[in-house]
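So the sequence shown is numbered by numbering that gives the first Met the number 0: it starts at 0 and just counts up by one.
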Amino acid sequence: MRAGSDLFRLRDPARAAGLSRVLRRLAPERPVKIVHVCGTHEAAIAEHGLRSLLPDGVDVYEGPGCPVCVTSTADINLAVALALEKGAILCTFGDMLRVPGTELTLEEARAHGADVRVVLSAADAVRIARENPRREVVFFAVGFETTAPGTAAVLLDGPPDNFSVLCSHKLIPPALEALLRENTEVDGFLAPGHVSTIIGADAYRELAGKFHVPVVVGGFEPLDVLFAIALILRQLGEGRAEVENAYPRAVRPEGNVRAKRIMAEAFRVVDAVWRGIGTIPASGLELGEGFTRYNAREKFELEARTGDEEPPGCRCPEIIMAKAVPTDCPLFGTACTPLSPVGPCMVGVEGACSIWYRYGERPVL
Ligand code: SF4
């Protein structure tokens, strides 16, 4: 009962209208670009029509916050080859099946006879490996710091020898830094609540100081988002660039210490290719030295085949770099829809194009 009433409180239209007035008072007299890096934030903003409550001149963009969208073509190609050429059971999250590779998606590979299975976690893939001791089972691990601890946990738990991981986990703070280097219009970050639950609010302090940019960790209810934006605007008005935590009911300054420890045990940090961005130094995770026998890249010795990251006409790279919004793309809603996606931002449920298509023009809260 209490949880329900709390939820209602965080969606209360009267409070939202009050916060909207606060936002108008706090907004500087110049355009402001705020970037979040989380599909759940974009879904909350789009579903509840929160952009209609923002002052004129204050824009919120989704940056590289969709893990499916930023998974490189080379890794998709590798996953397809593992399933088609090596005959492995390829397990991954459902969103990954329709992300374009150079020639095939995983869904198309399945139509060609590959054994591609949707799982909800790395632990599901381990279960499949135990049930199929004569088959090689590869878990295609994608996602940010939110999903990486789950992969680390199964590695530390001693999975069977026929299990391996194609590791494509990525780290959010280096992506924020890459975005700031490439896009000088960014005035502030609405930091992702889920990722911050793991890495902690303190993980952004270096970035905020180095680039003099406000970073506010926000939750996912409508008033969470509006409150976090208000804190960013207040910092801008006061000339501050600090880390503030507007989601203290879930995020601690130090994050989840145990999750961070098992990630450090299982993985090493490597340079990683982000689709739409390119290589970002120290932004990815690869299996650590003690786990090489579970590393699918080494176990199967497949060459990574690179290819065009985006189909012709697709503006995902600009959307991922917070330089465009989905409706800037002429293919949005015409040639490109969730039923026949052209680019990765229309595939994943956390992709900006998919979210904008799903919610369209919604009434204000
Ligand atoms: S609408 Fe489709 S083609 Fe256009 S940017 Fe989005 S995913 Fe790419």
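C-beta atoms are modelled at their ideal positions from N, C-alpha and C, and glycine is treated no differently.
Computed from a predicted structure; not experimentally measured.
Three-state class that DSSP yields for residue i in the structure shown
| i | result |
| --- | --- |
| residue 322 | coil |
| residue 362 | Any reading at residue 362 must be qualified, since the residue scores a pLDDT of 42, below 50, and its modelled position is unreliable; no value is offered. |
| residue 216 | strand |
| residue 160 | coil |
| residue 0 | At residue 0, the pLDDT of 37 sits below 50, so the modelled position is not reliable and the matter cannot be decided from this model. |
| residue 280 | strand |
| residue 92 | coil |
| residue 335 | strand |
| residue 190 | strand |
| residue 356 | helix |
| residue 176 | helix |
| residue 170 | coil |
| residue 294 | strand |
| residue 131 | coil |
| residue 243 | strand |
| residue 99 | coil |
| residue 47 | coil |
| residue 76 | helix |
| residue 344 | helix |
| residue 235 | helix |
| residue 315 | helix |
| residue 146 | coil |
| residue 64 | coil |
| residue 11 | coil |
| residue 305 | coil |
| residue 122 | helix |
| residue 26 | coil |
Minimum C-alpha distance to residue i - residue among the options
| i | options | result |
| --- | --- | --- |
| residue 56 | 91, 32 and 62 | 32 |
| residue 112 | 83, 99 and 103 | 83 |
| residue 293 | 140, 198, 210 and 208 | 140 |
| residue 199 | 171, 208 and 210 | 171 |
| residue 309 | 242, 69 and 128 | 69 |
| residue 145 | 205, 302, 299 and 262 | 262 |
| residue 305 | 297, 94, 129 and 74 | 74 |
| residue 342 | 213, 202, 71 and 119 | 71 |
| residue 290 | 81, 311, 99 and 166 | 166 |
| residue 12 | 285, 223 and 260 | 223 |
| residue 62 | 339, 334 and 319 | 319 |
| residue 334 | 54, 311 and 317 | 311 |
| residue 54 | 302, 225, 280 and 356 | 225 |
| residue 179 | 207, 79, 97 and 285 | 207 |
| residue 339 | 58, 278 and 96 | 96 |
| residue 76 | 209, 28 and 107 | 107 |
| residue 279 | 115, 168 and 39 | 168 |
| residue 86 | 358, 322, 295 and 93 | 295 |
| residue 35 | 227, 243 and 188 | 188 |
| residue 40 | 100, 52 and 59 | 59 |
| residue 197 | 255, 142, 227 and 153 | 255 |
CB-CB length for residue i against residue j, believed under 8 Å
| i | j | result |
| --- | --- | --- |
| residue 215 | residue 245 | 5 Å |
| residue 221 | residue 43 | 6 Å |
| residue 315 | residue 331 | Their Cβ separation, rounded to whole angstroms, is 11 Å, which puts residue 315 and residue 331 out of contact at 8 Å. |
| residue 265 | residue 282 | 17 Å between Cβ atoms; not a contact. |
| residue 229 | residue 9 | No, residue 229 and residue 9 are not in contact; Cβ-Cβ is about 14 Å, not under 8 Å. |
| residue 382 | residue 118 | Residue 382 lies beyond the residue range present for the chain, which begins at 0 and ends at 364; the question has no answer from this structure. |
| residue 269 | residue 67 | That belief does not hold up - the Cβ atoms of residue 269 and residue 67 are roughly 20 Å apart, past 8 Å. |
| residue 350 | residue 65 | 5 Å |
| residue 89 | residue 105 | 7 Å |
| residue 241 | residue 213 | 6 Å |
| residue 286 | residue 147 | At roughly 11 Å, the Cβ-Cβ gap does not stay under 8 Å, so residue 286 and residue 147 are not in contact. |
| residue 52 | residue 79 | Their Cβ separation, rounded to whole angstroms, is 43 Å, which puts residue 52 and residue 79 out of contact at 8 Å. |
For residue i, the residue or residues it bridges with in DSSP
| i | result |
| --- | --- |
| residue 270 | BP columns for residue 270 are empty, so no partner. |
| residue 139 | 165 |
| residue 116 | 90 |
| residue 55 | Residue 55 pairs with nothing; no bridge assigned. |
| residue 33 | 59 and 187 |
| residue 70 | 273 |
| residue 286 | 266 |
(Q) Would you call the segment 160 to 179 in contact with the segment 131 to 140, where contact means no fewer than 3 C-beta pairs closer than 8 Å? (A) yes
Q) Touch check for the segment 109 to 124 and the segment 232 to 246: three-plus C-beta pairs under 8 Å? A) No: fewer than three Cβ pairs fall under 8 Å.
Q.
Using 8 Å as the cut-off, can you tell me whether the segment 188 to 200 makes contact with the segment 317 to 332, which would need three or more C-beta pairs spanning the two stretches below that distance?
A. no
Q. If you pair each beta-carbon of the segment 47 to 64 with each one of the segment 245 to 256, do three or more pairs fall below 8 Å?
A. no
Q) Is there contact between the segment 225 to 234 and the segment 15 to 29, where contact requires at least three CB pairs shorter than 8 Å? A) yes
(Q) Pairs of beta-carbons, one from the segment 149 to 159 and one from the segment 179 to 189, closer than 8 Å: are there three or more? (A) no
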